Every structure is written in structure tokens, then in C-alpha cells.
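**Student:** Have a look at this one.
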Amino acid sequence: MTGTLNPAGEHPAEIPEYPMARAAGCPFDPPPALHAMQEEGPLAKVRLWDGSTPWIVTRYAEQRALLADPRISVDVTRPGYPSPTPIRGSSPISFILMDDPEHARLRRMVTAPFAIKRVEALRPAVQKITDDLIDTMLAGPKPVDLVEAFALPVPSLVICALLGVPYADHDFFQENSKTIIKRSATPEQRSAALGRLAGYLNDLLDEKLANPGDDMLSQLTERIKTGELSREGAAQMGVLLLIAGHETTANMIALGTLALLENPGQLALLRDADDPKLVSSAVEELLRYLHITHNGRRWVALEDIEIDGQVIRAGDGLIVANDIGNRDPGAFPDPDRLDIRRDARHHVAFGFGVHQCLGQPLARMELQVVYSTLYRRIPTLRLATDLDQVPFKHDGSVYGVYELPVTW
Ligand code: HEM
């Protein structure tokens, strides 16, 4: 080895930059460099935009072990936290970036509406939203952008109804959410978008305080009144739920549709089976295979932690790259094949441990309704452009497509 060692005793020039690029022509696969790292071992170092060199965890078993370990923190203000972008000001998006016990205290306030029973009661309403949007698409001109006409409206309408946010404001909140999760946004743009959304939620909380309804924001105003939650905290929670509730599922709907169109055998199986069990396993497999939160979940070690003979020191940054964890052959045989009949329920697309996705029952139900309806109602659905013309969200912290022109 040549070159100068940095204070950590590393050769920075030999440490690969993260995030890495996907291979040309393989839009559904994690970057080949991540595959190579995983083959080498569960742990490696990467270099971030600011020159820092956190650990990256690439293998499934070690990822789950680490995510269940209380000696790690998501607190972005701790030294060593491997921030994906420059951070300006302190605008954490609620409990997703907090540690227990405060994280658990706040999360508990909003768990009830996402319980499986409550979510199942919403299934007929989600089915109606899905059918109505398909009716409108079928009655309109072709080709159509599936993102705008279908993938974004389904989860946006659902989360708006749950939270008590007027859907008429969707252009405003979708645009700001897009900026917040765009890696190429400047810190100023991101914090301005966060400020606009927090202000919007604050105004809505005012309305709910005066005129409570049967929705989650109204329930949060009760917590404000009892002093369990600050005004600012309630608005931040609203921002988190609004962004997480539509952006992720929308990307799964559009990217999942594209992956199925590119795998017509799998699409035919799903479309023709009329079997809820197969629909449910297709949803799990697509979540595993596509893994849309592709920039890794970020943590910092609170104490020394040993993994595979390596010691992660207290204060070291950690990136848990669940996208490659979901392609670990040790957990999923033949992992790079999309196979909707496999049992993929143990995937880590919703994370793992105390922070695992709060909205997963809702996301699963929405995806089950959409995937079991769209291809049955429009059996000849096809891409209206070449795959290499589809604009992928390489620069987003959530992967997907900006547009998906389809016809039938
Ligand atoms: C396909 C759709 C979705 C995917 C792939 C997804 C994925 C994720 C992931 C990877 C995390 C981080 C887990 C971790 O740190 O270990 C997360 C957290 C979270 N998700 Fe989702 N999500 C989806 C849909 C939703 C929906 C519909 C909601 C509804 C509001 C939601 C609300 C949340 C919340 C509140 C958190 C923070 C949980 C915590 O920190 O305790 N998500 N999600």
C-alpha cells in the first residue's frame, strides 16, 4: 500500500465513495460495488461527500444484529454521525431521528391507526380509490404518466384522509417532500421546504384545535392540550407522517409496476392467479427486490461494538445498507432473481429494530390492493417508452422513477 495514512490509520484514496452508481442497464439492482463488498465480508469502510469514512454493513445477518443493538444512535447531532447531506440548523423530522426513550414515547402516540386491524378496515376505501383512479385513466388520453395519474394519488389520498390533511393541497406537499428527499437539493432548499411544510402543518393544527375532526392531527392536538407534545413537536410529527406516508409507497407502486412489466412472466402469474396469498408474497418480494430506501440507514456507535472480528469504535459512523442486505444469498437464495412465489417476508425493506417502519401494515395493504387491481383491470398495460428513457431517481434518498409513461 502506498500513500498517506489518515488519523484513523486508513488509506483514504482506497476507500470507495458512497453512495455508488448502479450499473448501466440494471435499474433494479444495487450497485455492483456493493455486491463486491458484500462478498468480501459484512463490514467495510466508505467515503462520504464530506470526506468522512464511516463503516458500511452489507450482510443481512450482521445488519439485523446491529439494528437490534441498543448501542447505536440515529441522533444526527452526535459527532461521527454519517450525514447523507450537509445539515443546516436543527430541523430533525420527528422521532425517526431520535433515540429511545423519547423516540418510543412519541412513536407510541401514533401507532394505533397503523395497527393491522385498523388498516384492514381501510381496505375497501383504498380499493375504491384505486378503482376510481383507474376508471379516470381509462377514460382519458393515452399514453399517461402512471406516477402522476396513479402512483402518487393512491397513497396521498389515503394518508391525507388518515391525517386530516386536505388532498386539494397535494401539489404543495408533494413538491416540498420531493425537495426534502432529493440528495441534490442544497441545504438551504431542503430546510426551506421543511420550514414550509412545518408551517403548513402548524396552520392545520390551529384549525384542528378550533374544529377537531376524526383524524390523526386532531388526536395530536389532544396531546398538545395535555402537555405531552409541544406544538412544534406535533407539526414535525405531521411532516414525518405526511412525507413517509405517500412518497415511499408511491415509488413502490411505480417502480414495482415497471419491474413487473420488465418481467412479464411474473406479471402474468400475479395478474391471472386471483390468489390473495400470491399477491401478498408478490408485495414482499417486490419490496425486497427493489428496496427503495437505497441510501442506507445511518447510525453512530455509542460504545465499542465487535462484528466479525472488527471493532467499531464508539463515535464511528455506521451505514446499514439494507438494499444489498436484501440481496444477500445467505438470506435469499438466488437473490438477484425476482420470484413472486418465494417467501421474502423476512426482508429488511422496512428496516429492523425499534425504528422499523411504523406504516408497514398500511403500505402492505395499499400495495396489495394496487398490485391485485391494476394489471387485472388493464391487462394490456405496457411501457410507452424505452426502458433507457425512463428517468430514475438516482439522486433521491428514496429510489423510484420521476415519470412512467404507460399505455394499453
Ligand atoms: C412501501 C412503502 C414504505 C417503505 C419501503 C418504508 C420504509 C421505511 C424504512 C426503511 C424506515 C426506516 C426503518 C429503520 O430505520 O430501521 C421507515 C420508517 C418509518 N416509516 Fe416507512 N416505509 C413505507 C411506507 C410508510 C408509510 C405508508 C408510512 C405511514 C405514515 C410510513 C411511516 C414511517 C415512519 C413514521 C417511520 C419512522 C419509524 C421510527 O423511527 O420509529 N412508512 N420506513
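In terms of this note's numbering, the sequence shown opens at residue 4 and continues consecutively. We put the beta carbon where it would ideally sit given N, CA and C, even for glycine. Source: prediction; values computed, not measured.
Sort G399, C360, V404, P156 by Cα distance to A107 and report the nearest one.
**Tutor:** Checked all of G399, C360, V404, P156; the closest Cα to A107 is C360.
**Student:** For R126, is the beta carbon positioned less than 6 Å from some heavy atom of the ligand HEM?
**Tutor:** Flag unset: Cβ of R126 not near the ligand HEM.
**Student:** Using a threshold of 6 Å, is the CB atom of L69 nearer than that to any non-hydrogen atom of the ligand HEM?
**Tutor:** L69: no, Cβ never under 6 Å from the ligand HEM.
**Student:** Hey, would you say L258 sits closer than 7 Å to I343, going by beta carbons?
**Tutor:** No. Outside cutoff.
**Student:** Using only the alpha-carbon positions, how far apart do T141 and V129 sit?
**Tutor:** In the sequence as presented, Thr is not what sits at residue 141; that position holds Leu. Taking the straight line from one Cα to the other gives about 18 Å.
**Student:** Tell me the DSSP secondary structure of Q313 in three-state form.
**Tutor:** Correct three-state label for Q313: strand.
**Student:** Could you tell me whether the segment 140-158 touches the segment 225-241, where touching means 3 or more Cβ pairs closer than 8 Å?
**Tutor:** Touching, no, given that fewer than three Cβ pairs across the two stretches are closer than 8 Å.
**Student:** Excluding the 5 residues preceding and the 5 following V393 in the sequence, name in chain order all residues of the same chain whose CB lies nearer than 6 Å to its CB.
**Tutor:** Around V393: V404.
**Student:** Use the C-beta contact count for G198: other C-beta atoms within 10 angstroms, 16 or more gives buried, fewer gives exposed.
**Tutor:** Exposed, since its Cβ has fewer than 16 Cβ neighbours within 10 Å.
**Student:** List the residues that DSSP assigns as beta-bridge partners of I308.
**Tutor:** Paired residue(s): I315.
**Student:** Quick check: the segment 343-356 against the segment 382-390, are at least 3 beta-carbon pairs closer than 8 Å?
**Tutor:** They do not touch, by the three-pair rule.
**Student:** Measuring CB to CB, does I295 end up less than 7 Å from Y378?
**Tutor:** Their beta carbons are not under 7 Å apart, which means I295 does not touch Y378 by this criterion.
**Student:** Could you tell me the alpha carbon to alpha carbon distance between L125 and I119, rounded to whole angstroms?
**Tutor:** When rounded, the distance between both Cα atoms is 10 Å.
**Student:** Heavy atom of the ligand HEM less than 6 Å from the Cβ of A39, yes or no?
**Tutor:** Not so, every heavy atom of the ligand HEM lies at least 6 Å from the Cβ.
**Student:** Using only the alpha-carbon positions, how far apart do V49 and Q222 sit?
**Tutor:** Distance between the alpha carbons of V49 and Q222 is about 43 Å.
**Student:** Output the distance between the C-alpha atoms of L365 and R110, rounded to the nearest integer angstrom.
**Tutor:** So the alpha carbons of these two residues sit roughly 16 Å apart.
**Student:** Identify, in the order they occur along the chain, each residue of the same chain with its Cβ nearer than 6 Å to the Cβ of R25, setting aside the five sequence neighbours on each side.
**Tutor:** Taken in chain order, the residues that qualify are P34.
**Student:** Look at the alpha carbon of P22 and the alpha carbon of N298, and state the distance between them as a whole number of angstroms.
**Tutor:** Rounded to the nearest angstrom, the two C-alpha atoms are 6 Å apart.
**Student:** Suppose you measure from the CA of E488 to the CA of G333; what does that come to, to the nearest Å?
**Tutor:** Any property of residue 488 remains undetermined from this structure, which presents the chain solely from 4 to 411.
**Student:** Just to confirm, are G83 and D319 a CB contact at a threshold of 7 Å?
**Tutor:** Yes, the pair counts as a contact, with Cβ atoms nearer than the cut-off.
**Student:** Under the criterion of a Cβ to heavy atom distance below 6 Å, does T182 qualify as lining the ligand HEM?
**Tutor:** No, the Cβ of T182 stays beyond 6 Å of every heavy atom of the ligand HEM.
**Student:** Quick one: what's got a C-beta closer than 7 Å to E288's C-beta in the same chain, skipping five residues either side?
**Tutor:** Here the set comprises L341, D342, I343, R345, A347.
**Student:** Would you grab the beta carbon distance between L243 and S97 for me? Rounded to a whole angstrom, and I think it's under 8 Å.
**Tutor:** Sure, about 4 Å apart at Cβ, within 8 Å.
**Student:** Any idea which residues DSSP pairs S55 with across the strands?
**Tutor:** Its beta-bridge partners do not exist; DSSP assigns none.
**Student:** Say the cut is 6 Å; is the CB of A152 nearer than that to a heavy atom of the ligand HEM?
**Tutor:** No; taking the cut-off as 6 Å, the Cβ of A152 has no heavy atom of the ligand HEM nearer than that.
**Student:** Alpha carbon to alpha carbon, what distance is there between W58 and A47?
**Tutor:** So the alpha carbons of these two residues sit roughly 6 Å apart.
**Student:** If you draw a straight line from the C-alpha of T139 to the C-alpha of A201, how long is it?
**Tutor:** In a straight line, the C-alpha of T139 is about 32 Å away from that of A201.
**Student:** Given the structure, does Q222 come close to the ligand HEM, in the sense that its CB is under 6 Å from one of the ligand's heavy atoms?
**Tutor:** Q222 Cβ: outside cutoff for every heavy atom of the ligand HEM.
**Student:** Which of the three DSSP states, helix, strand or coil, is assigned to D209?
**Tutor:** Note: D209 maps to helix in three-state DSSP.
**Student:** Only counting the same chain, and skipping five residues up and downstream in sequence, which positions put a Cβ closer than 7 Å to that of A238?
**Tutor:** These residues qualify, in order along the chain: A201, L204, N205, L208.
**Student:** Using the rule of at least 16 other Cβ atoms within 10 Å of the residue's Cβ for burial, across every protein chain shown, is F175 buried or exposed?
**Tutor:** It is exposed - the Cβ of F175 has fewer than 16 other Cβ atoms within 10 Å.
**Student:** Can you tell me the Cα-Cα spacing of T260 and P45, whole angstroms?
**Tutor:** Answer to the nearest angstrom: the Cα atoms are 32 Å apart.
**Student:** Of the residues M219, I132, I327, S159, which one's Cα is nearest the Cα of V372?
**Tutor:** Nearest of M219, I132, I327, S159 to V372, Cα basis: I132.
**Student:** Please confirm whether A416 and I256 have their CB atoms less than 7 Å apart.
**Tutor:** The requested residue 416 is not part of the displayed model; the chain covers only 4 to 411.
**Student:** Of the choices E17, T376, I162, M112, whose alpha-carbon is the least far from that of G230?
**Tutor:** When each option's Cα is compared against that of G230, the closest is M112.
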